[in-house]
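Enquirer: Quick one: structure below, then a few questions.
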Amino acid sequence: MSGDNLKERNFEDDICLWLCEHGGYTAGNPGRFDRSLALDSATLLDFVKASQPKAWQRHERNCPGKAEQVFLDRFCKEVRVTSLLEVLRKGFSILGTKFRVVFWRPETALNPESLRQYKANILHCTRQLRYSPSSENSVDVALLLNGIPLVCLELKNPLTGQNVDDAVRQYRQTRSPDDLFFSFKRRVLTCFAVDPYHVRMTTRLAGEKTFFLPFDQGSNGAGEVGGAGNPQPQDGDYATAYLWKEVLNRDALLELLQKFLHLEVREQKDPKTGKFHQKESLIFPRYHQWDVLHKVLADVRERGPGRNYLIQHSAGSGKSNSIAWLAHRLTGLHDAQDHKIFQSVIVVTDRRVLDTQLQRTIRQFEQVEGLVKTIDKNAAQLRDAINEGAAIIVTTLQKFPVIFREVEHGSRNFAVIVDEAHSSQTGRAALTLKTALADTDAALNEYARLEGEEEAGEERRQDEIWQELAAQGRHRNLSFFAFTATPKDKTLNLFGRQRADGSFRAFHIYSMRQAIEEHFILDVLRNYTTYRAYFRLVCKGAEDPRYATSAAARAAMRFESLHPHNIAQKTAVMLDHFRNVTARKMGGRARAMLVTASRLHAVRYMLEFERQIREGGMSDVRALVAFSGEVRDTGASYTEEGLNEATHGRKIPEREVPDLFATEFNILIVAEKYQTGFDEPQLHTMFVDKPLSGVKAVQTLSRLNRTAPGKEDTFVLDFVNSAEDIQKSFAPFYEATVLEEETDPNLVYDIRHRLDGYQVYTPAQVADFGAAIVRESRKQRGKEGSALAAAAATLKPIVENVSRLEEEERRAFRTGLARFVRLYNFVTQVCRMFDEDMHIYSLFAKSLAAALPTEAEGLPDLDGQIDLEYYKLTKTGEGGIALVPAETGFPGIKGDSGAAGEKDFATLSDIVRKINQRFGTQFDQNDQVHTLRQIAEHVAASDHRLADLAGDEDEGTWNMLYDSVFASGVAEAALSNAAFFELINRTPDALDFLKGQLREMVREKVRKAL
């Protein structure tokens, strides 16, 4: 064997032979290619003359003797002015004569002429095509549609020493975008680099800056759990054969051109000039996007409506594009009998404000004017769009409860695409969506048959209670397509597919692992540093009161976390890291986010950041804060806008924070904001001072994973969570998320029995509440009064009975009530119960839960009873946290709750002693916080004018006085404390540091003394 059949040309032979024998192509003649026009002009003219003879005859009459040249000139100009994709889809006109340069496959087989035109398309597979007027360079394989080059392939063979990376290098270094053949959006639309193992692609050549994307299936095949790469076929074929056999065959390529490729136009703001400019990108689906669309559509076409599809696609998967493609494809989907399957496609997001990126993406994919209705004003828009049968409707879930009784759709089929499917899809708002869209007549007839009746009576059809019962469960006219990267147990049970072993998983998976290995997202756990705060609390005062152990322990921990010394020490660590590490990343463009435990924490951190930045002269650091509502602290009131304005001297509206963070500011301090759905590619570092676990941990830390030019890594500095806890949180979502078993719907009866056992209501009272609701729903209002009055009267004594329960029983009852409402809403999304009594009880439970007065957590106020004596902030871990899949899935959903627990009590000194045992360490004099408090007291008492000026608005005068008296106050403290005297003697810079650290502490002390 000489090995002559193992050359690169053999790889080329195999691809072209398959395309010409099985893929719908004929072999092209490279000698017919016009390099100056970058066209096979003769083939293009042959196609137009043969497929549109009447138009060509008219054109010849209009342009005698020059029809061919005029046609080619006009085609080239139209492409240059618009784009090749635009001309392919819409054609163009010459002196009133309309021409098409391609005919698309019709959605149905009802029009023979459309099928004839589609078959008239000419596809050539041309080898070693020389494309440039200025060189003899050639591409290995070019695919032409009616003489127009659309796809090119550069092939490499590892057996002769080259692979896909060499093909990429060849495109970057020897394929010029100045050649018309490679000119962006004018000729070749997609370039593939291919070897027998891997595929990469790009839609725009830009020399060395050309960005190639992986176009692999995944190591275990598309839609399955795995990493980067491709599986080796069992039949001995090439691992990359899917490219030419599935994606580039005749029908698939024409489908890509018609329904997938998209010229995206985005406005971008120049951070230096502030001016906006348009950026164009040609979007070609990644393989997992192409694959999920085909698998979903094939399943719907085969099985019809009424099934649910969970798509678990990682962050970085291009979810908005996938949703947009799916929405547009579902509108034109027909079954084997050429019947339209869905009359409307409704895209639902659970955000209060419609996702602007999602609606923009769906609208940009629109090829027919008016196809997409965006519900961005009020619920009436949604009602009208559904009733009028709009093709694609984009809305928020929160609009359905307003209009669900006003929708009139008959028995039409709907496809509902859910963006970020989480717990909101198992709540009351989701039930109103079903009530609005479900074919409840079919469900009521199903119940009638179960009861031995021929069909449901008119009374039930008009009954709102029975309409809600009929809306429960799954419906043959509703299909749900739910997208999420982090499915919870309820999401899996509701939208997932049940397997033979009883477990549930997604219909299609593009895992976090694959996204990281393909470099679409970054591994946010690769650089993870943990700190731990060790401290010792001390009791103050002679008394030793008794408290509920858990509540007092939480209060003590909160006291420590909000202590000025803790805030100051952590702030100093974060600023040091930001200035020395983060600020040097991404060419100085890297941003950082601090995630805090509460709004009060966010306020105190913002004040401390501002103080240290100001006093340290850190002009390179600019911080913003983000939290909702108003926070009161030590007599002052703070809001997000007010605090940002006070810090920076300008009004910063909430809506401008994301853009300003991306351009002018570089640290964002947040409390329950921007932790989900926030997409800022320049975010590089996250400081965490908040407990995180489960989905919350994954969603929060994943804000860092977006890729961007110059972004090679990320960094997390965590003051609270251990590496083990974070690893455990990520494990279920690293590959495939699984629910081990189905939820037992009878759990709702178990919880109800436990709630009945508290004996705070009677069956008669529940029946009275139900009677009031039923009267209202059945339009029987009259002398009995309104449902609201009757329900309020029924609930009043029940609320009083609940208030008489012991504290722990009262808390357990409230918990059980809330658990029942959530579980009932979830269970009735999965199955229809047709239990009117239980449904009325669910309405009763929901109303009772709302009527019960809110109770504060009851954390005792330990201010003045404890203090922080020692404090040491220590780095406990540095390096990466390995991402590993979970060994087991989520357990089945249980009905545990509603049982009162025992409450432990202990003296404050015992509680403090146990906390110190857990969080203490070996301290020395440098860790003594008590010393700092003493110094602050000495400084505060050293001059009465500090108190006199503390309430003055002129902060500058108070600061000048503080600076002048600080030295004398410190001197008094040093005389009474040998350890402190030694510290300032040994560390001359310590005085300046202490002056800054104690400024706010002294100011607070003198204010309190007023």
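The sequence shown begins at 18 in the working numbering and counts up one residue at a time.
Backbone N, C-alpha and C define an ideal beta-carbon position, used for all residues, glycine too.
Grab the span of the beta strand (DSSP E) containing THR893 for me, first residue to last.
Expert: That run of the beta strand (DSSP E) goes 883-894.
Enquirer: So what's SER820 in DSSP terms, helix, strand or just coil?
Expert: Looking at SER820 - three-state DSSP - the assignment turns out to be helix.
Enquirer: Measure the CB-CB distance between LEU8 and VAL946 and report whether it falls below 8 Å.
Expert: Because the chain in this structure spans residues 18 to 1027, residue 8 falls outside the shown range and cannot be described.
Enquirer: Taking the alpha-carbon positions, what's the LYS173 to SER151 distance?
Expert: About 25 Å.
Enquirer: Tell me, please, which residues DSSP counts as bridged to ALA344.
Expert: None; ALA344 has no bridge partner.
Enquirer: Using a 10 Å radius around the Cβ and a threshold of 16 neighbouring Cβ atoms, would you call MET591 buried or exposed?
Expert: Answer is buried; the Cβ neighbour count reaches 16.
Enquirer: Counting only the same chain and skipping the five closest in sequence on each side, list residues whose C-beta sits under 7 Å from that of SER337.
Expert: The answer, listed in chain order, is GLN374, LEU375, THR378.
Enquirer: When we look at the beta-carbon of GLY666 and count the other beta-carbons within 10 Å, is it buried (16 or more) or exposed?
Expert: When all chains shown are included, GLY666 counts as exposed.
Enquirer: Below 7 Å, is the gap between the Cβ of THR924 and the nearest heavy atom of the ligand FAD?
Expert: Of the ligands one can find in the structure shown there are none, so the ligand FAD has no counterpart to examine.
Enquirer: Unbroken alpha helix (DSSP H) runs of length 4 or more, entirely within the stretch 534-584: which are they?
Expert: Counting whole runs of 4 or more residues, the stretch 534-584 contains the alpha helix (DSSP H) stretches 566-579.
Enquirer: For a cutoff of 8 Å on Cβ pairs, would you count THR760 as touching chain D?
Expert: Given the protein chain composition of this structure (a single chain), no chain D is represented.
Enquirer: Exposed or buried, what is SER820 when buried is set at 16 or more other beta-carbons lying within 10 Å of its beta-carbon?
Expert: That one is exposed.
Enquirer: According to the neighbour-count rule (16 or more other Cβ atoms, all chains shown, within 10 Å of its Cβ), is GLU130 buried or exposed?
Expert: Looking at its Cβ environment, which holds fewer than 16 other Cβ atoms inside 10 Å, GLU130 is exposed.
Enquirer: Leaving aside the five residues before and after TYR8 along the sequence, list all residues of the same chain whose C-beta is less than 6 Å from its C-beta, in chain order.
Expert: Since the first residue shown for the chain is 18 and the last is 1027, residue 8 is missing from the structure and cannot be characterised.
Enquirer: In terms of alpha-carbon separation, which member of ALA748, LYS1012, ALA353 lies closest to ARG320?
Expert: Considering only alpha carbons, the answer is ALA353.
Enquirer: From this set, VAL435, ASN395, THR656, which residue's C-alpha is nearest PRO418's C-alpha?
Expert: The shortest Cα separation from PRO418 among VAL435, ASN395, THR656 belongs to ASN395.
Enquirer: If GLY224 sits next to ARG186, beta carbons under 8 Å apart, how far is it from one beta carbon to the other, in whole angstroms?
Expert: Contact flag wrong, Cβ pair sits at about 12 Å.
Enquirer: Leaving out five residues on either side along the sequence, give the residues of the same chain with a beta carbon under 7 Å from the beta carbon of GLN699.
Expert: Around GLN699: MET603, ARG606, ALA607, ARG608, ALA679, ALA725.
Enquirer: With H, G and I counted as helix, E and B as strand and the rest as coil, what does DSSP make of ILE743?
Expert: Three-state result, ILE743: helix.
Enquirer: Whose C-alpha, out of ALA957, LYS1012, LEU978, is nearest the C-alpha of GLU1021?
Expert: The shortest C-alpha separation from GLU1021 is found at ALA957.
Enquirer: Going by the beta-carbon positions, is the gap between ARG553 and PHE293 smaller than 8 Å?
Expert: Contact flag unset, no.
Enquirer: What does the alpha-carbon distance come out to for the pair LEU170 and LYS296?
Expert: C-alpha separation (whole angstroms): 26 Å.
Enquirer: Report the option in VAL156, ASP854, THR845 whose CA atom is closest to the CA atom of THR452.
Expert: That would be THR845, whose Cα lies nearest to the Cα of THR452.
Enquirer: ASN583 to ARG1016, Cα distance in whole Å?
Expert: One C-alpha to the other measures close to 15 Å.
Enquirer: Measuring CA to CA, which of LEU61, PRO250, GLN134, ARG514 is closest to GLY164?
Expert: Ranking the options by Cα distance to GLY164, first place goes to LEU61.
Enquirer: Could I get the ranges of all uninterrupted alpha helix (DSSP H) runs contained in the stretch 110-159, with 4 residues as the minimum, in chain order?
Expert: Runs found: 129-136.
Enquirer: Could you check which residue in MET574, ASN544, VAL168 has the C-alpha nearest to that of VAL555?
Expert: It is MET574.
Enquirer: State buried or exposed for LYS800, treating a residue as buried only when at least 16 other CB atoms are found within 10 Å of its CB.
Expert: Below a pLDDT of 50, predicted positions are generally treated as unreliable, and LYS800, at 45, falls in that range; the measurement from the model is reported next regardless. Counting Cβ neighbours within 10 Å, LYS800 comes out exposed, since fewer than 16 surround it.
Enquirer: In angstroms with no decimal places, state the Cα-to-Cα distance between GLY897 and LEU222.
Expert: GLY897 and LEU222: Cα-Cα distance of roughly 36 Å.
Enquirer: Does DSSP put LYS296 in a helix, in a strand, or in coil?
Expert: Note: LYS296 maps to strand in three-state DSSP.
Enquirer: Per DSSP, which residues does GLY240 bridge with? Please list them.
Expert: In DSSP, GLY240 forms a bridge with ILE526.
Enquirer: Quick one: Cα of ARG522 to Cα of GLU29, how far?
Expert: Taking the straight line from one Cα to the other gives about 40 Å.
Enquirer: Could you check which residue in ARG203, VAL205, ASP157, ALA210 has the C-alpha nearest to that of ASP182?
Expert: With distances taken between Cα atoms, ASP182 lies closest to ALA210.
Enquirer: Select from ILE538, LEU176, GLY387, THR125 the residue whose C-alpha is nearest the C-alpha of HIS356.
Expert: If we check each option's Cα against that of HIS356, THR125 comes out closest.
Enquirer: Does the beta-carbon of ASN404 have 16 or more other beta-carbons within 10 angstroms, so that it is buried, or is it exposed?
Expert: Exposed.
Enquirer: Express the C-alpha separation of LYS587 and GLU972 in angstroms, rounding to a whole number.
Expert: If I take the Cα positions, the gap works out to 25 Å.
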